[in-house]
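Note that numbering that gives the first Met the number 0 numbers the sequence shown so that position 122 is 121, with each residue one more than the last. C-beta atoms are modelled at their ideal positions from N, C-alpha and C, and glycine is treated no differently. For clarity, every value in this text was computed on a predicted model and none was experimentally measured. Encoded as structure tokens, the structure appears first; notes follow it.
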Amino acid sequence: MRNQSGALLACSLLVLGLVGCSSDAQRTASGPDESGAVDAVQVVTCPDQQESGAGFAPRKIPLINETSMTIKLQVDSTSWSCANYSGTMNPSQLNGLVIPPNLGKDPAMVTVSTDTSHAALPLGVLANIGSSDMPWISIGHGYIIVSQIYGYTPCPDAMSHSGACELPLVDKAGVNHGKFFLSSFDHTGQEDDKYWSALRFFPV
Numbered sequence: 000m001r002n003q004s005g006a007l008l009a010c011s012l013l014v015l016g017l018v019g020c021s022s023d024a025q026r027t028a029s030g031p032d033e034s035g036a037v038d039a040v041q042v043v044t045c046p047d048q049q050e051s052g053a054g055f056a057p058r059k060i061p062l063i064n065e066t067s068m069t070i071k072l073q074v075d076s077t078s079w080s081c082a083n084y085s086g087t088m089n090p091s092q093l094n095g096l097v098i099p100p101n102l103g104k105d106p107a108m109v110t111v112s113t114d115t116s117h118a119a120l121p122l123g124v125l126a127n128i129g130s131s132d133m134p135w136i137s138i139g140h141g142y143i144i145v146s147q148i149y150g151y152t153p154c155p156d157a158m159s160h161s162g163a164c165e166l167p168l169v170d171k172a173g174v175n176h177g178k179f180f181l182s183s184f185d186h187t188g189q190e191d192d193k194y195w196s197a198l199r200f201f202p203v
């Protein structure tokens, strides 16, 4: 475990010109919803970690929205620690990320560089359905499972095995809007050779 005072010093130095970095203390958070929606991504800069074996190897992750909705993700900044990530390649890239319908064309791209520990981060999924002046509504609560193998995997609970689950997209009224999961196939059943390890939002 890193020295706590050293971590606090690193964080205080970073806030001079950057968003900052999170505490090394173990943190938990309940699933966010539309009441906690952020307007835009604010990327946190953590101390750079040297790649060692599988640890802190950067992994690029495409996010493909195959629905007709615009999607926004939420990951609470108090649910993860800079001790487990390198530089800007951390979950702050997901918080406030807006993903318009893209059907595999120019997908949103994020990169994660993490250690070999596995973590589950509370995830909120919002949707803008119809015109852009409509309010965001919550269509999903679950977790992002973090691992070296898959990078990020959306799951309905914190104990799921990464790469083997999917997050239902259901609003508060019980309307099913689809699912969010790791897949090498698009919603027509065609294998996507270019983005075979993408996180995809599928329609119903």
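Check: Buried versus exposed call for residue 193 [16 or more other C-beta atoms within 10 Å across all chains shown]; Outcome: exposed
Check: Minimum C-alpha distance to residue 180 - residue among 171, 167 and 172; Outcome: 167
Check: Beta-carbon spacing of residue 149, residue 119 below 7 Å; Outcome: no
Check: Residues bridged to residue 59 [DSSP beta-bridge criterion]; Outcome: 110
Check: Cβ contact check for the stretch 51-62 and the stretch 95-107: 3 or more pairs under 8 Å; Outcome: yes
Check: Burial state of residue 201, where buried means 16 or more other Cβ atoms lie within 10 Å; Outcome: buried
Check: Residue 82, DSSP secondary structure in three states; Outcome: helix
Check: Endpoints, the beta strand (DSSP E) within which residue 127 is located; Outcome: 118-127
Check: Bridge partner(s) assigned by DSSP for residue 178; Outcome: 167 and 201
Check: Three-state secondary structure (DSSP) of residue 153; Outcome: strand
Check: For residue 73, the three-state DSSP class (helix, strand or coil); Outcome: strand
Check: Nearest residue (CA-CA) to residue 189, options 67, 58, 84 and 102; Outcome: 102
Check: Cβ neighbours of residue 139 in the same chain (closer than 6 Å, five flanking residues each side left out); Outcome: 124, 166 and 168
Check: For residue 46, the nearest candidate out of 67, 144, 86 and 136 (CA to CA); Outcome: 86
Check: Cβ-Cβ separation, residue 147 to residue 53 (assumed contact under 8 Å), whole Å; Outcome: 5 Å
Check: Beta-carbon contacts of residue 183 that lie in its chain and below 7 Å, excluding the five residues immediately before and after; Outcome: 190, 191, 195 and 196
Check: Residue interval of the beta strand (DSSP E) (run including residue 136); Outcome: 136-146
Check: Proximity of residue 145 and residue 110 at Cβ, strictly below 7 Å; Outcome: no
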